[in-house]
Structures are given as structure tokens and as C-alpha cells.
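Asker: If you want my numbering, it's the position in the sequence shown, counting the first as 1, plus 22.
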Amino acid sequence: MWQQKQVTLKPKMRGFHLITGEIVSLLPEIATIKTGLLHLFIQHTSASLTINENADPTVRQDLESHFNQFVPENAPYSRHDYDGADDMPAHIKNSILGVSISIPITDGQLNMGIWQGVYLCEHRNRGGVRKLVATIQGE
């Protein structure tokens, strides 16, 4: 069985945001799957998805600090700045972290490690709503 739907996440400020609970509430279909897979794809080029630490919020702060140093704004080699100084770094961060993740579903729940959670990585200062395509495969 395959299911697919688009879900919309509310706007978030720049940073790494734990969205596991939001995803589960937007996708009640997960609870009906005994064995399967959830694939999430973000339809944007200036935000990304990843899985990381879900307990200590300083991990998200440290990730944001690292990526801001790793991919700085106003780099002298950047030419794409039509949408602001945060635009090209957002595209680079998107390419590094990626636009999709897959998570096993077991007995109606996301089967991640105890310390894992789904992150929306918002790379723009004000990114707006973010749309995800959720594809669920399973029985």
C-alpha cells in the first residue's frame, strides 16, 4: 500500500527545529501501518531536513552556529544575492544537508533511536511556510 500527501509546516525563524511531533500529528496515517516506511521530501531550496538529537536543545543551537560559520553570509565569491545575504548560503546548506529523509514505521510509530528526532533546518531569516511531500509505504 502506498499513500502520498502534501503537508504544510508553519513558518519558523532561521535555525534547526525539532518537528517530529508536528509530522506525526499531520500524518495520522502512520498509526495504521504495521511495517513500512515514511519518506519526507521538502519542496524548497533554502530549507532542508535531517535527523539528529531530540533531547538537548543546545545541539540545535550548535548546529546553527556551525553552519553559519561553515557557510557565511556575504562571502566575497557569492554572486547570487537577489533575495538577500542569507539566500545563497541557504541554497548551499540545503545542498549539504539534503531535501529528504526516510524513517521506518513499526507498529504504527516512527521507529527512530531514542535520541533521534526530525529537524526542519530553516536556512532563511524568515522562510515562510514550508511544504513537504510525505510518502508512506507499508501494510
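Ideal placement from N, C-alpha and C gives every residue a C-beta, glycine not left out. None of the values given here were measured: they were computed from a predicted structure.
By a C-beta neighbour count over all protein chains shown, 10 Å radius and 16 as the cutoff for buried, is residue 111 buried or exposed?
Answerer: With 16 or more other Cβ atoms within 10 Å, it is buried.
Asker: Could you tell me if residue 104 is buried or exposed, where buried requires 16 or more neighbouring beta carbons within 10 angstroms of its beta carbon?
Answerer: Exposed, since its Cβ has fewer than 16 Cβ neighbours within 10 Å.
Asker: Mapping DSSP to helix, strand and coil, what is residue 161?
Answerer: Reduced to three states, the DSSP call for residue 161 is coil.
Asker: Taking 8 Å as the threshold (C-beta atoms), are residue 93 and residue 114 in contact?
Answerer: Closer than 8 Å, so yes.
Asker: Output needed for residue 30: all residues of its chain with C-beta closer than 6 Å, excluding positions within five of it in sequence on either side, in chain order.
Answerer: Taken in chain order, the residues that qualify are 151, 153.
Asker: Where does residue 144 land, buried or exposed, given buried means 16+ other C-beta within 10 angstroms?
Answerer: By the neighbour-count rule (16 or more Cβ atoms within 10 Å), residue 144 is buried.
Asker: Can you tell me where the alpha helix (DSSP H) holding residue 27 begins and where it ends?
Answerer: First-last for residue 27: 24-31, but that is the beta strand (DSSP E), not the alpha helix (DSSP H).
Asker: Just mark residue 96 as buried or exposed, buried being the case when its beta carbon has 16 or more other beta carbons within 10 Å.
Answerer: Flag for residue 96 reads exposed.
Asker: Do you know offhand how far residue 116's Cα is from residue 69's?
Answerer: Distance between the alpha carbons of residue 116 and residue 69: 6 Å.
Asker: Under the rule that 16 or more other beta-carbon atoms within 10 Å means buried, what is residue 32, buried or exposed?
Answerer: That one is exposed.
Asker: Please confirm whether residue 126 and residue 59 have their CB atoms less than 8 Å apart.
Answerer: Going by C-beta atoms, residue 126 is nearer than 8 Å to residue 59.
Asker: Which whole runs of the beta strand (DSSP E) in the segment 58-101 are 3 residues long or more, in chain order?
Answerer: With a minimum length of 3 residues, the continuous beta strand (DSSP E) runs that stay inside the segment 58-101 are 69-75.
Asker: Mind checking residue 136: buried by the 16 CB within 10 Å criterion, or exposed?
Answerer: Counting Cβ neighbours within 10 Å, residue 136 comes out exposed, since fewer than 16 surround it.
Asker: Taking Cβ to Cβ, would you say residue 141 is nearer than 8 Å to residue 45?
Answerer: Contact: no.
Asker: What is the rounded straight-line gap between the Cα of residue 124 and the Cα of residue 84?
Answerer: Using only the alpha carbons, I get a separation of about 24 Å.
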